[in-house]
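As given, the protein sequences belong to chains A and B, one line each in that order. Using our numbering, the first residue of the first sequence is number 1, and each one after it goes up by one. Using our numbering, the first residue of the second sequence is number 608, and each one after it goes up by one.
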Amino acid sequence: MSEKVKLLMGNEAVGQGLIEAGCQIAAAYPGTPSTEILQTVIDSRDRAIEPLHVEWSINEKIAFEVALAGSYSGKRSVAVMKQVGLNVAADPFMRTAYIGVKGGMLTIVADDPGPHSSQNEQDTRLFCLQGRVPVIDPASPAEAKVLIPAAFELSEKYELNIVLRPTTRICHSRQNVTLGEPLKLGRSADFQRDPTRWAATPAFLPALHRKLNANLEKIAQEPDWQPRLTPSDNSQPRTALVASGIVFSNLVDLLDELGLTGKIDLYQVLMPYPLNPSFSETLKRDYDRVLVLEETYPVIELQLAHPGAVGKQTGHVPREGELLPDILHQVLADFLNLDQPVALPDERRGQRPSLCPGCPHRAAFYSIKKCFPQGIFPSDIGCYTLGMNLGAVNTVHCMGACISQGAGFYQAYAQDGDFPTVVVTIGDSTFFHAGIPALVNAVVQQARIIVVILDNATTAMTGGQPVPHMGIAAGGKPTKSIAIEQLVKASGVEFLETCDPYDNEQFEKLLQQADDYIRSPEGGVAVLISRHGCIMDPSVRKSQEATLIQINDKCIGCRKCTNAFECPALIFDEQNKVALIDQDRCIGCGTCIPVCPVDAIIKEKNG
Amino acid sequence: MKQQIIVSGIGGQGVLFLTRVIAQVAVNRGIPVLTSETHGMAQRGGTVLSTIKIGNFASPLIRAGQADIGLLLWDANLPVHKGLLKENGKLFISAEQTGEGERIDAAGIARLIGNPVLSNLVLLGFAVKRQALFCTSEECEKAIRQLAPQKFVEQNLEAFKQGLNG
């Protein structure tokens, strides 16, 4: 057994691949399923032979631009994000296709077919087709790692940004992965000024666009990136399967289990865009029937334009969701006239996710809903989306949208006369990411809304990345801290309060004052910072009082605590019709105590 | 040798750690392994599923009716994930109540050791003792030593041993 073979998650494999390829500038904003890529670069930065700047940027656009200038300086760089992060970075991303790069630059965009933890299942490969950016679709963690140095070389050969697109099932898979020695490239920052390129005005763009198109034609023919054929014994003549990414791997296992390995020509498409026109010609010449299998949009299928191709466009393959092995089985059985697999039982969902026991967001949401039962509650992207379980989240859209949506709700109602109390909830990391321009806009447009900034001092959903107001950068490096209060005040907000939501009486009092303020003649945006550390942070747990919480015999079984407060540590005993505390899960915070209408939830101090 | 294993539970129960221990044994033995895990939103207390495929496979995902072994840390997940098991697949379940599959009150045992989350390793020991998994108890102990945080190694091994005796 080689010591260099490790059990690595796909994201860890990609992170190690970046270090080994001599990447020197790495920037990302966290987002499932991409987060562990940059985290691995941070945790393993000692492996890098040359200087390596790693940063959790404020958002994906900024991460992209930081990496871009790193590349302009001749160094290898990477920007990492999830698929919807690319929407945020779209502006610099699209122009980079024309302008190009210098040192190798990769944009790693993790897609989330399903979706598992995203607001949509958009396909970055289609985004790349629109943006004219080459995109690589790895089929396993080990393959993703192997392709990274090759992708950097391709990027440097054509001076173009290259996208690597793993999907959730690659990112969050583990596999035996071989570690290698990091490269020493010996590059010094050397930005070659060329305004006709780096500052290209419209006059220069047609030529740059022409050059891009010419390069894409050449890239499509690069020998190392051609579709890979696993030939067959021709028992299915003039028939082929074409797949990419994890779907290819699912297909390989399925063919094996059905005894069809080597019985039908099978192509793996490594680079779905740009697709080599001669591949399309080969398919048209050699095959009458082609099944195209890919996640999530028909990117290969669209480019093939094969008269005998079936896939998502033709309705033979589901157009949404993952192509899980069971679905693939049905599709393949249809295509090859095999026996259909036994119908699957209706999918059962199991336990829904909920905020952790002791989560300060729960206490905040409960108070918000209690104070404004008729309120409108725009919220945002993060753990606190789960506030919908408490009825305190009415909309969730995209990073930072809640403040502008809140302002929009106000404008729509106010022009009819009275307006409901709009309480916006936004996490601290999301506030920095995209909330600040929205807050300035809401103030300037004189929206009368309450903005509750749920400050738990971390980026909780993705596992606790640092936030700008904590004075800590990637890897624990001390840095300047940017206080939320100062930003809020500088945005022109005149009502600003801070409160720990565990103190429900004070929190509710401040919510009422905020409501009075927004309805007063001089009123505008009111901001309440709900401040309590994330309960997943062990130091937060250690620093707060833990008491034994119990439910006494006064419980009348009204279910208010289990329904309206929805803490996983509160369970309902259906036999005895009373609420119970699951002591394995209860952290003893006592935030549920005020919820009980008959004071049956009690605490006993146990030090 | 090929084996397909599912690990089912809810976020926070240590499904990921249990998955890693089993996969690490394969890596230590030099055989191919692929796992798939649940991260992100669902991890917040919701139903989570890991799949582990030992041997020559390309994909980490398991089709319905293909898993050899199911390790369930949350017995309410049984109707959700049972369909992944082969007809003769073996089920090991952490539960207080009696019912389908081989059961052990892993959470109760773990609570006595001082940490209910260690029910994951109690259940692993329980399954290893019944020679259901491809791995031996020595191999599991080695993997636990490699993966557990230093100060919890002994407590982790204790949970595993209690499972072996369970």
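The C-beta atom is built at its ideal place from N, Cα and C for all residues, glycine as well.
Any C-beta of chain B under 8 Å from that of residue i
i        : result
Asp584/A : yes
Lys4/A   : no
Met271/A : no
Val14/A  : no
Cys534/A : no
Ile326/A : Per the sequence shown, residue 326/A should be read as Asp rather than Ile. Yes, because at least one Cβ of chain B sits closer than 8 Å to the Cβ of Asp326/A.
Met461/A : yes
Arg132/A : no
Arg76/A  : no
Leu386/A : yes
Arg169/A : yes
Ser57/A  : no
Ser429/A : no
Val440/A : no
Ile246/A : yes
Val299/A : no
Cys356/A : yes
Coil, strand or helix - residue i by DSSP
i        : result
Tyr366/A : helix
Asp190/A : coil
Lys184/A : coil
Pro378/A : strand
Ile669/B : coil
Ser481/A : coil
Ser2/A   : At Ser2/A, the pLDDT of 45 sits below 50, so the modelled position is not reliable and the matter cannot be decided from this model.
Asp599/A : coil
Lys768/B : helix
Gln611/B : strand
Leu692/B : strand
Lys211/A : helix
Asn504/A : helix
Arg165/A : coil
Lys284/A : helix
Ala674/B : strand
Met81/A  : strand
Among the options, the one whose alpha carbon lies nearest that of residue i
i        : options                                : result
Ile264/A : Leu332/A, Phe572/A, Val452/A, Gln175/A : Leu332/A
Leu205/A : Ser235/A, Tyr366/A, Gly100/A           : Gly100/A
Ile638/B : Val5/A, Leu275/A, Pro231/A, Ser539/A   : Val5/A
Gly647/B : Thr385/A, Asn576/A, Ile403/A           : Thr385/A
Leu511/A : Leu570/A, Gly557/A, Gly375/A           : Gly375/A
Gln575/A : Gly557/A, Gln583/A, Ile449/A           : Gly557/A
Gln268/A : Leu251/A, Gly259/A, Leu126/A           : Leu251/A
Gln351/A : Gly590/A, Leu52/A, Glu566/A, Thr462/A  : Glu566/A
Thr462/A : Lys560/A, Leu439/A, Asp537/A           : Asp537/A
Minimum Cβ-Cβ distance from residue i to chain A less than 8 Å
i        : result
Pro667/B : yes
Pro723/B : yes
Gly696/B : no
Ala714/B : yes
Phe759/B : no
Arg752/B : no
Gly647/B : yes
Thr654/B : yes
Arg710/B : no
Gly662/B : no
Gly770/B : no
Gly583/B : Missing from the structure shown is residue 583/B; chain B here goes from 608 to 773 and no further.
Gly618/B : yes
Arg737/B : no
Counting only runs that start and end within the segment 409-443 of chain A, where is the alpha helix (DSSP H) found for 4 or more residues in a row? none
In chain order, what are the residue ranges of uninterrupted beta strand (DSSP E) at least 3 long that sit wholly in the segment 26-79 of chain A? 53-56
Can you pull out the residues from the segment 670-688 of chain B whose beta carbon lies closer than 9 Å to at least one beta carbon of chain A? Arg670, Ala671, Gly672, Gln673, Trp681, Ala683, Asn684, Pro686, Val687, His688
Suppose only complete runs of 3+ residues qualify. What are the beta strand (DSSP E) ranges in the segment 99-160 of chain A, listed by chain order? 105-110
So if I threshold CB-CB distances at 8 Å, which residues from the segment 337-354 of chain A count as touching chain C? Among the protein chains of the structure shown, namely A and B, there is no chain C.
Proximal residues, the segment 623-644 of chain B versus chain A, C-beta separation under 9 Å: Thr626, Arg627, Ala630, Gln631, Ala633, Val634, Asn635, Arg636, Gly637, Ile638, Pro639, Val640, Leu641, Thr642, Ser643, Glu644
Quick check for students: name the residue ranges of the alpha helix (DSSP H) that lie wholly in the segment 508-592 of chain A, counting only runs of 4 or more. 538-543
What residue ranges within the segment 244-269 of chain A form continuous beta strand (DSSP E) runs of no fewer than 3 residues, ordered along the chain? 265-269
Contact set between the segment 536-558 of chain A and chain B, restricted to residues whose Cβ is under 8 Å from the partner: none
Near-chain B residues of the segment 563-590 of chain A (beta-carbon distance less than 7 Å), N- to C-terminal order: Pro568, Asp584
Taking the runs of the beta strand (DSSP E) that are 3 residues or longer, which of them lie wholly in the segment 707-762 of chain B? 709-711
Tell me which residues of the segment 17-51 of chain A have at least one Cβ-Cβ distance to chain B shorter than 7 Å, keeping chain order. Thr32, Pro33
Chain B contacts made by the segment 152-178 of chain A, where a contact means CB separation under 7 Å: Arg169, His172, Ser173, Arg174, Gln175, Asn176
Taking any Cβ of chain B, which residues in the segment 360-389 of chain A have a Cβ under 8 Å from it, in chain order? Cys383, Thr385, Leu386
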